[in-house]
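Enquirer: Okay, so the sequence shown: first residue is 12 according to my numbering, each after it adds one.
By construction, the Cβ of each residue, glycine as well, lies at the ideal position given by its N, Cα and C atoms.
As the structure is a computational prediction, the values presented were derived from the model and not from experiment.
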Amino acid sequence: MRFITSTIAACTLAGAVGVFAQEQAPAQPPAQAPKSTLTGCVAQAKTTDGGSVYVLSKVEGGSAGMYLLNGPSQSDFAANVNKKVEVTGPVQEPASAGKDNPPDSKVVRPPAIMVESVKVVAQSCT
Numbered sequence: 012m013r014f015i016t017s018t019i020a021a022c023t024l025a026g027a028v029g030v031f032a033q034e035q036a037p038a039q040p041p042a043q044a045p046k047s048t049l050t051g052c053v054a055q056a057k058t059t060d061g062g063s064v065y066v067l068s069k070v071e072g073g074s075a076g077m078y079l080l081n082g083p084s085q086s087d088f089a090a091n092v093n094k095k096v097e098v099t100g101p102v103q104e105p106a107s108a109g110k111d112n113p114p115d116s117k118v119v120r121p122p123a124i125m126v127e128s129v130k131v132v133a134q135s136c137t
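See the structure below:
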């Protein structure tokens with residue numbers, strides 16, 4: 012009986028040490044999304060709440076046909092509407108539908124690119 016009690020106590024202690032070690036591990040920085048370079052046409056689109064956003068359409072080099080343009084260069088997006096541009100930055104997939112975000116077949120949720128650089132490739136998107 013004493014052997015069984017000692018074994019149980021040892022296992023419990025080992026489990027507690029394992030949990031403590033996991034809690035004390037230093038936090039890892041979040042993984043950086045790899046940068047992508049996409050080419051396409053800048054367009055202004057309306058949102059469901061009446062606002063507007065800039066998107067990259069007719070995309071070359073990506074896995075989607077359209078990307079939401081995000082980043083500090085909103086004025087670059089406005090100045091380049093209907094122009095073919097090359098943008099570089101990390102891509103973020105859209106939030107998945109859930110309890111607070113029900114799916115709607117009429118709403119398009121493209122991935123977003125956090126634009127770090129914009130380069131005009133052509134003056135028109137024809």
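Just reading off the alpha helix (DSSP H) that S63 is part of, what are its end residues?
Expert: Position 52 of the sequence shown, counted from the start, is the residue given in the question as residue 63. Here S63 belongs to no alpha helix (DSSP H); instead the beta strand (DSSP E) covers 63 to 71.
Enquirer: Use the C-beta contact count for G100: other C-beta atoms within 10 angstroms, 16 or more gives buried, fewer gives exposed.
Expert: Within the sequence shown, the letter at position 89 stands for residue 100. It is buried - the Cβ of G100 has at least 16 other Cβ atoms within 10 Å.
Enquirer: Could you check which residue in K46, K57, V132, A44 has the C-alpha nearest to that of V96?
Expert: Mapped onto the sequence shown, residue 96 falls at position 85. Among K46, K57, V132, A44, the Cα nearest to that of V96 is on V132.
Enquirer: Taking the C-alpha atoms as reference points, what is the distance between N81 and N93?
Expert: Along the sequence shown, read from residue 1 onward, the residue named residue 81 stands at position 70. Along the sequence shown, read from residue 1 onward, the residue named residue 93 stands at position 82. If you take the alpha carbons of N81 and N93, they lie about 17 Å apart.
Enquirer: Comparing the CB of V66 with every heavy atom of the ligand FAD, is any distance shorter than 7 Å?
Expert: As presented, the structure is devoid of all ligands, the ligand FAD included, so that no description of it is given.
Enquirer: Is it right to say D87 is buried, meaning 16 or more other beta carbons lie within 10 angstroms of its own, or is it exposed?
Expert: Residue mapping note: residue 87 aligns to position 76 of the sequence shown, counting from 1. Burial call: buried.
Enquirer: Measure the CB-CB distance between Y78 and V64 and report whether it falls below 8 Å.
Expert: As a working note, residue 78 is residue 67 in the sequence shown. As a working note, residue 64 is residue 53 in the sequence shown. Their beta carbons are not under 8 Å apart, which means Y78 does not touch V64 by this criterion.
Enquirer: Taking all protein chains shown into account, do 16 or more other C-beta atoms lie within 10 angstroms of the C-beta of A44, making it buried, or fewer, making it exposed?
Expert: Reading the sequence shown from its first residue, position 33 is the one you call residue 44. Under this definition A44 is an exposed residue.
Enquirer: Which of the three DSSP states is assigned to G26 in this structure?
Expert: For this step, residue 26 is matched to residue 15 along the sequence shown. Legend: pLDDT at G26 = 41, less than 50; position of this residue unreliable, no value from coordinates given.
Enquirer: Compare the Cα-Cα distances from K57 to each of A75, P83, R120 and report the closest residue.
Expert: Taking the first residue of the sequence shown as 1, we reach residue 57 at position 46. Ranking A75, P83, R120 by Cα distance to K57 puts R120 first.
Enquirer: Determine, using beta carbons only, whether S68 and V98 come nearer to each other than 8 Å.
Expert: For this step, residue 68 is matched to residue 57 along the sequence shown. For this step, residue 98 is matched to residue 87 along the sequence shown. Against a cut-off of 8 Å, the Cβ pair of V98 and S68 comes out as no contact.
Enquirer: Ignore the nearest five residues each way along the sequence and tell me which others in E71's own chain have a CB closer than 8 Å to its CB.
Expert: As a first step, residue 71 is located in the sequence shown; it is residue number 60 there, counting from the start. Taken in chain order, the residues that qualify are L49, T50, G51.
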